[in-house]
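Colleague: A single structure is presented below for examination.
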Amino acid sequence: MPIDPVPPAASQSSGTSSDIDALSNGNTWPTSTAQDGQVDKRFHPFDALAPDRVVAAVESLGFWLPGEPFALNSYENRVYHLADDDRRRWVAKFYRPERWSRAQILEEHAFLAELEDSGVPGAPAWANANGETLHQYEGFDFALFPHVVGRAPELESAEHLFHLGELIGRVHAIGRKSQFKERETLSPARILDESRDSVLASDWLSERQRDSYTRVIEALRPLVAEQSWPENALIRTHGDCHIGNMLGRDEHFALVDFDDCLSAPAVQDLWMLLTGDSDPELHMQLSEVLEGYEQHCDFDRGQLKWIEVLRTLRMVRHSAWVVRRWADPAFPLAFSHVASLGYWDDHIRSLEQQRVALDTPRWLA
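Position one of the sequence shown corresponds to residue 84 (this note's numbering), numbered consecutively onward.
The structure is reproduced here in structure tokens:
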């Protein structure tokens with residue numbers, strides 16, 4: 084899911100690890116058993132990541148950190164910027180417990196290493212002398228990545244769009260060479276089912292809203308299924324190509340945070356670059372993106388008809404994701420509006436609009 088702005092205080096524990104451990108007194112819950120839509124008063128596992136524990140974890144790899152870590156904008160995991168005594172800058176990612184298996188995380192790292200070996204700009208996971216990229220410290224899986232310097236691209240800039248298309252084309256040229264074995268596959272039916280179940284398991288919707296939400300999800304199901312992709316369209320993709328995961332300047336950009344990499348059609352990594360409000364703007368953006376993309380990789384224009392399906396799935400999944408993560412203290416702070424009845428009226432209305440969009444798709448090959 085997207086990484087959105089959140090103050091560091093919302094995602095970084097204060098005090099020392101011993102203080103926090105004393106307060107928790109073992110009163111924690113595993114993330115897989117938190118109830119959807121409910122605020123759990125017990126300690127969340129991420130509450131244990133006090134700054135001194137983050138430092139101790141990184142220093143257990145043989146680094147020395149003269150300063151404190153700075154929490155970066157992240158919800159799904161906890162991510163910190165830090166510098167070592169040689170003034171090298173790093174990003175430490177502490178993975179959300181029980182979200183991915185170790186095999187899935189290692190496949191993410193292997194994909195990053197493959198891209199690095201092919202000269203694709205990015206941030207491969209640091210490996211120790213034994214070649215290990217995934218490390219453990221006091222129950223947390225974490226990895227270390229080189230800090231990528233730069234700013235988010237400007238999607239109104241034709242030059243930026245060309246170079247972003249070129250970058251994604253380079254990623255996909257490598258992504259097509261083999262298949263993921265452990266990472267997820269972008270499955271419309273699974274996303275609709277899991278999202279519906281999470282939302283309806285919460286008590287945030289009124290009875291009227293529950294009925295309306297159920298009806299619109301069921302109305303979307305056949306439309307999404309009719310316009311879904313065949314298995315032979317799946318390649319290894321970044322999976323979450325919003326502008327927060329693209330950093331650089333001028334013509335030099337890099338993709339970061341492959342936490343959501345998965346098997347998906349190529350258009351999954353392209354459609355969020357198309358933000359124009361009018362058809363001429365959208366076609367200009369698409370032209371620039373594909374011109375850059377096809378410097379390295381062919382693109383089947385038939386995939387453009389899947390854009391509204393992908394947009395629908397992202398909308399459905401985002402709301403369900405917030406519900407599922409509500410017991411994480413960073414979520415009520417950042418998404419308080421999602422707990423209101425007005426939010427769900429707007430969400431259902433937006434899904435109804437997507438049903439119309441799927442009935443009359445805008446993008447045709």
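Yeah, the Cβ is synthetic: ideal placement off N, Cα and C, and Gly gets one too.
#1: Quick one, which of 142, 264, 356 and 376 has its alpha-carbon nearest residue 249's?
#2: Under 8 Å between the Cβ atoms of residue 336 and residue 247?
#3: Excluding the five sequence neighbours on either side, which residues of its own chain have a C-beta within less than 7 Å of the C-beta of residue 231, listed in chain order?
#4: Less than 8 Å between the C-beta atoms of residue 428 and residue 292, yes or no?
#5: Does residue 371 pass the burial test, meaning 16 or more other C-beta atoms within 10 Å, or should it be called exposed?
#6: Given a threshold of 16 other Cβ atoms within 10 Å of its Cβ, counted over all protein chains shown, does residue 159 qualify as buried or as exposed?
#7: I'd like the list of long-range same chain contacts for residue 346, defined as Cβ closer than 6 Å, with 5 residues on each side in sequence excluded.
#8: In this structure, what does DSSP give as the bridge partners for residue 164?
#9: How would you label residue 322, buried or exposed, when you count the other beta carbons within 10 angstroms and need 16 or more for buried?
#10: Please classify residue 308 as buried or exposed, where buried requires at least 16 neighbouring CB atoms within 10 angstroms.
#11: How many whole angstroms separate the CB atoms of residue 228 and residue 212, which I take to be in contact at a CB cut-off of 8 Å?
#12: What does the alpha-carbon distance come out to for the pair residue 368 and residue 242?
#13: Any idea if residue 320 is buried or exposed, counting beta-carbon neighbours within 10 angstroms, 16 or more meaning buried?
#14: What whole-angstrom Cβ distance do residue 185 and residue 224 have, given they're in contact under 8 Å?
#15: Which one of 151, 193 and 395 has the shortest CA to CA distance from residue 174?
#16: Measuring CB to CB, does residue 127 end up less than 8 Å from residue 342?
#17: Compare the beta carbon distance of residue 275 and residue 253 with 8 Å and say whether it is the shorter of the two.
#18: I think residue 399 touches residue 278, with their Cβ atoms under 8 Å apart; what is that distance to the nearest whole Å?
#19: Ends of the alpha helix (DSSP H) at residue 368?
Modeller: Result, derived from the coordinates:
#1: For the set 142, 264, 356 and 376, the Cα lying nearest the Cα of residue 249 is the one of 376.
#2: Yes. Within cutoff.
#3: Residues 206, 330, 337 and 339 of the same chain have their beta carbon placed closer than 7 Å to that of residue 231, with the five preceding and five following residues left out of the count.
#4: The answer is yes: Cβ separation under 8 Å.
#5: Buried is the call here.
#6: Buried, because 16 or more other Cβ atoms sit within 10 Å of the Cβ of residue 159.
#7: These residues qualify, in order along the chain: 263, 268 and 317.
#8: Residue pairing of residue 164 in beta bridges, as defined by DSSP: 153 and 174.
#9: Burial of residue 322 is indicated by the presence of at least 16 other C-beta atoms within 10 angstroms of its C-beta.
#10: The residue is exposed, with fewer than 16 neighbouring Cβ atoms inside 10 Å.
#11: 18 Å between Cβ atoms; not a contact.
#12: Straight-line Cα distance between these residues: approximately 10 Å.
#13: Residue 320 is buried by the Cβ-count criterion.
#14: The C-beta distance from residue 185 to residue 224 rounds to 7 Å, short enough to fall under 8 Å.
#15: When 151, 193 and 395 are compared, the shortest CA-CA separation from residue 174 is found for 151.
#16: With respect to the 8 Å criterion, residue 127 and residue 342 are not classified as neighbours on the basis of their beta carbons.
#17: Going by C-beta atoms, residue 275 is not nearer than 8 Å to residue 253.
#18: Correct: roughly 5 Å between the Cβ atoms.
#19: Unbroken alpha helix (DSSP H) run through residue 368: 362 to 376.
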